[in-house]
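Student: Residue numbers (the working numbering): -14 to 113.
Built from N, CA and C at the ideal position, the CB exists for glycine as well.
Since this is a predicted model, take the numbers as computed values, not measurements.
1. Following the continuous beta strand (DSSP E) through residue 34, name the residue where it begins and the one where it ends.
2. Using a Cβ-Cβ cut-off of 7 Å (strictly less than) and excluding sequence neighbours within five positions of residue 35, which residues of its own chain qualify?
3. By DSSP, does residue 64 sit in helix, in strand, or in coil?
4. How big is the Cα-Cα spacing for residue 111 and residue 7?
5. Write down every uninterrupted run of the beta strand (DSSP E) in the stretch 41 to 97 whose length is 3 residues or greater and which is fully enclosed by it, in chain order.
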């Protein structure tokens, strides 16, 4: 495997982070929030989640906050799998035709999503 300099490593992690946050986290939260706020246009969702239509705005906000934290925690735990089981599982990222093990790029993969810092994935890439 070729080695990446620090800037290239950051670019690769940013590319992964942007996709994870926009496609996975924000995508899941958009669906979940539509259901929690009872605004889904899907008739099956409206029937399944009819009980949520009676929630107050405060309760809906609490449910949405819970969903946000749960989705983020799920992504965190998924990313941690690569740290916990490095001999069994690998997450390979590609750049310029070369493959890189994520554990060689990031010291703590899970922390990338869980960061509360302004430079964390959620703060930089989320549109929600």
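Tutor: The answer reads as follows:
1. Segment: none, residue 34 is in no beta strand (DSSP E) and carries neither H nor E.
2. none
3. The DSSP-derived three-state label of residue 64 is helix.
4. 6 Å
5. 77 to 80, 83 to 86
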